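Heads up, the thing below is written out as structure tokens.
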Amino acid sequence: MALSAVFLTAAVPATAVTGFTTSTQQAASVPSVPLGVRVKGTFTGIDLAWNLPADEGTVDGVTGFVVRRSVNGTETAYTVPRTAVTTFTWQDTERLPKATYSVAAVNADGEGPSSTPGPADTVPGATVADPTDAITVAHTVTTGGVSRTFLGQIAVQGATHVIPIAASGPTQQVDKAIAASADGRQVVFSQAKTSLWTVSAVVPHAQPVKILDGSSGITAKSWSPDGTRIAFEREQDGTSCVEVIGATGGAPIRVGCNLAAPSWLPDNQALIVKDQVTGKLQRVQAKAGGVVLTTYAGTELAQHPVASPNGLWIAYFKNTSVNVIPVGGGTPVPAYPFGTSGESISWARSNLLLVARRTESGSTLQQVPVNDGRPYVNAQLFDPPAGELVESAVWQGPRITIKPTAAAVGPNLSVPFDTTGLANPYVSCEFDGVKTAPCPASPFQKAGVAAGTHVLRVWAVEAGGRGTEAVRWLTVDTAVPSVRITGPTFDVTKLATARVTYSGTDNSGIGSYDVRWRIASTAANFGAYATIKSGTTASSVAIGVAAGYEYCVSVRARDIAGNLSAWTADKCFSRPSDDRRMGAAKGWVRAAHPAYYLGTATVTKAKSISVSQGVQAKRLFLIATKCVTCGSLNVYYNGKYVGVVNLYKATTEYQAVVPLPVPATFLTGSVLLTTRVTGKIYQIDGLAVRRT
7 MALSAVFLTA AVPATAVTGF TTSTQQAASV PSVPLGVRVK GTFTGIDLAW NLPADEGTVD
67 GVTGFVVRRS VNGTETAYTV PRTAVTTFTW QDTERLPKAT YSVAAVNADG EGPSSTPGPA
127 DTVPGATVAD PTDAITVAHT VTTGGVSRTF LGQIAVQGAT HVIPIAASGP TQQVDKAIAA
187 SADGRQVVFS QAKTSLWTVS AVVPHAQPVK ILDGSSGITA KSWSPDGTRI AFEREQDGTS
247 CVEVIGATGG APIRVGCNLA APSWLPDNQA LIVKDQVTGK LQRVQAKAGG VVLTTYAGTE
307 LAQHPVASPN GLWIAYFKNT SVNVIPVGGG TPVPAYPFGT SGESISWARS NLLLVARRTE
367 SGSTLQQVPV NDGRPYVNAQ LFDPPAGELV ESAVWQGPRI TIKPTAAAVG PNLSVPFDTT
427 GLANPYVSCE FDGVKTAPCP ASPFQKAGVA AGTHVLRVWA VEAGGRGTEA VRWLTVDTAV
487 PSVRITGPTF DVTKLATARV TYSGTDNSGI GSYDVRWRIA STAANFGAYA TIKSGTTASS
547 VAIGVAAGYE YCVSVRARDI AGNLSAWTAD KCFSRPSDDR RMGAAKGWVR AAHPAYYLGT
607 ATVTKAKSIS VSQGVQAKRL FLIATKCVTC GSLNVYYNGK YVGVVNLYKA TTEYQAVVPL
667 PVPATFLTGS VLLTTRVTGK IYQIDGLAVR RT
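Encoded structure:
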């Protein structure tokens, strides 16, 4: 547990004191109750402030204060010295359930009565309630001429100090730019511009997770609306590049260079960036070597662009003013400038900006309403103590979110959304401007949606009136992909495995393939189709093939939207049966040798003797040795002579694939091969049969 007493601009260790008892009767010379006690809570701590008692000046001067924290009957007291101010503050970097806080003033005569125990953000006397929102900031403090930027939080209204996310660890030294996840629960930050980290902003003392190390020049960051990716800028050799990494880590992909300040759009497929060459804003594809989709006229000199969560507006700094331009393009609209420069800008909601600015005296955090694309008058949210600077700020708190969806979806939508952490929310939804209230439980479903781009909005309003919104641009694809088998290209294979290769094309991208086969033996019909692979992303599959069978393979493709192609035409091939399956007349000899197919052959030099086999076939292939002394064979189908095959070849070839005459009609019956010449070599290895 880390505690500190904070007064003026300095934070010093708090001292826990014992032996105090809460006064129940005020002595004449002790101070009265401090005025204006207010307790503000964040997700990670407590911000306590109060004023001097009303009788200050009529009794001996106040020398200090005692802050008491009570949790389930256990009380801890902390001293806060008196300083030359009228408003005093104290912070607790613990967020304890059911804690209450009170303050008593102390003078030379003793301790006065305590204020009524008060919670955060509620009336005195209640326990500290969990906050629904807070603002996470990258905050710079300077002590002894040394500056340090840490990750902290402030209450949305009435904050007096920044409360560190954690008292130690990586969040105590961060770079200036941060970004929040769409669900309002996490923050991404960098250290020394070389590493990226994520950390929960709603769980006290959460452990940061490093997702990238060994990089360089990391500056601006943006978390994708579906929570799966983080875009960031890297300063590189006089320019800058934009890269994208998975939210849990991995290898970044480079979108492009001469680009800066990425910000995601609600389709999760495109980014708003600044073109470093022209100075204008652009919309680019969020993939390696992303193509520029739009260039925004009139946005020269733009800095820190951020797209609104609903995808309607882009806000950015131009000089000292906030400007807003439609995502679809148009004329930028400026807000009244306040401050000497803009440091960061982010969207708290689709119609509210958080703006961190420099001022002549330090810095300030403002909120800027945006209605119909027009930014309005700034309102102050937080002025840090002198010598402290708000570098960047993001709104935190549980929100309704739309879960990840594919880059393209099919015509029958099923889009899940999440209301985890919201108190009894009333959910409404809107699809292409048509509103449904209440919205049925997740997922949002709609059938028969036409191809094109569509907009889904989901709102959640909690019992207390707090509302959050999620927006997703959906690209509906109704076109089926095309697919073809590219291999094998052979009719016959003597190997025990065959690799089937295939290729698909689709505008949205191929998601997966299904592969099936059907099989027939030498003298039987095909069986039913059976699945080899289902939902595979591989573009080939190796299959085992048995001797004496024909295999017919077909493939279909599924695009990322779920559209399914028809099956391709069969690609068929067979593996020969062994010579031992053939009947052989007297005079043939079974021989064994490694050079023969499956290690055996049926051999003779005699004339007019035959080998035969029963088949069902459209095409047949003899497996035999060809050589300079090899002879020829007469071929008979069902006893009818159909032609001759010659096994002569100037060089010896074992296991040669020799086509037999094509039957005039589908052959069901026998194949008979008869030697023609005495003294010639006949080495028969097997017979391949094709029904197709």
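Whatever position you read off the sequence shown (first residue = 1), add 6 for my numbering. Quick reminder that beta carbons are idealized off the backbone N, C-alpha and C, glycines included. Note that the coordinates shown come from a computational prediction; the quantities given were computed from them, not determined experimentally.
Can you find the residues in the same chain that come closer than 6 Å, C-beta to C-beta, to residue i, ignoring five residues on each side of it along the sequence?
i: residue 564; result: 517, 518 and 570
i: residue 476; result: 406, 407, 408 and 464
i: residue 642; result: 678
i: residue 478; result: 272, 408 and 462
i: residue 658; result: 633
i: residue 87; result: 70
i: residue 694; result: 498, 580, 582 and 627
i: residue 28; result: For residue 28, the pLDDT reaches just 39, beneath the cut-off of 50, and the residue's location in the model is therefore unreliable, although a value from the coordinates is still provided. 120.
i: residue 537; result: 522
On the criterion of 16 or more Cβ atoms from any shown chain inside 10 Å, does residue i qualify as buried, or is it exposed?
i: residue 679; result: buried
i: residue 174; result: exposed
i: residue 459; result: exposed
i: residue 505; result: exposed
i: residue 21; result: Unreliable placement is indicated for residue 21, whose pLDDT of 39 sits below 50; the coordinate value is still reported in the next sentence. Result: exposed.
i: residue 250; result: buried
i: residue 31; result: Residue confidence is low: residue 31 scores 46 on pLDDT, short of 50, so the model does not pin down where it sits. Its coordinate-derived value is still stated next. So residue 31 ends up on the exposed side.
i: residue 449; result: exposed
i: residue 18; result: Bear in mind that the predicted position of residue 18 carries a pLDDT of just 33, short of 50, making it unreliable; the figure below should be weighed with that in mind. With fewer than 16 other Cβ atoms within 10 Å, it is exposed.
i: residue 592; result: exposed
i: residue 299; result: exposed
i: residue 654; result: exposed
i: residue 179; result: exposed
i: residue 554; result: buried
i: residue 371; result: buried
i: residue 222; result: exposed
i: residue 575; result: exposed
i: residue 338; result: buried
i: residue 401; result: buried
i: residue 691; result: buried
i: residue 288; result: buried
i: residue 681; result: buried
i: residue 441; result: exposed
i: residue 689; result: buried
i: residue 350; result: buried
When DSSP builds the beta bridges, which residues end up paired with residue i?
i: residue 483; result: Per DSSP, none; premise fails for residue 483.
i: residue 573; result: For residue 573, which the question treats as bridged, DSSP gives no partner whatsoever.
i: residue 328; result: 323
i: residue 53; result: 46 and 97
i: residue 302; result: 287
i: residue 691; result: According to DSSP, which records beta bridges pairwise, residue 691 is partnered with nothing at all.
i: residue 278; result: 269 and 289
i: residue 145; result: 156 and 396
i: residue 116; result: 113
i: residue 640; result: 650 and 680
i: residue 192; result: 206
Could you round the C-beta distance between residue i and residue j to whole angstroms and report it? I think they count as a contact, below 8 Å.
i: residue 360; j: residue 419; result: The Cβ separation is near 33 Å, so there is no contact.
i: residue 376; j: residue 321; result: 7 Å
i: residue 46; j: residue 207; result: Their Cβ separation, rounded to whole angstroms, is 16 Å, which puts residue 46 and residue 207 out of contact at 8 Å.
i: residue 427; j: residue 394; result: Contact flag wrong, Cβ pair sits at about 31 Å.
i: residue 488; j: residue 566; result: With 8 Å as the limit, residue 488 and residue 566 do not qualify as a contact, their Cβ atoms being about 15 Å apart.
i: residue 243; j: residue 265; result: Contact doesn't hold; Cβ gap of about 14 Å is too wide.
What first and last residue would you give for the beta strand (DSSP E) that runs through residue i?
i: residue 652; result: 646–652
i: residue 249; result: 245–252
i: residue 437; result: 432–437
i: residue 181; result: Segment: none, residue 181 is in no beta strand (DSSP E) and carries neither H nor E.
i: residue 686; result: First-last for residue 686: undefined, no H or E at that position.
i: residue 348; result: 347–355
i: residue 541; result: 536–542
i: residue 556; result: 555–565
i: residue 377; result: 368–377
i: residue 596; result: 595–598
i: residue 224; result: 224–229
i: residue 527; result: 516–527
i: residue 460; result: 458–467
i: residue 442; result: 440–442
If I measure Cβ to Cβ from residue i and keep anything under 7 Å in the same chain, skipping five residues before and after, which residues do I get?
i: residue 601; result: 660
i: residue 269; result: 228, 277, 278, 311, 312 and 313
i: residue 260; result: 247, 249 and 294
Near residue i, what residues of its chain come up, given a Cβ to Cβ distance below 8 Å and the 5 sequence neighbours on each side ignored?
i: residue 684; result: 611, 612 and 613
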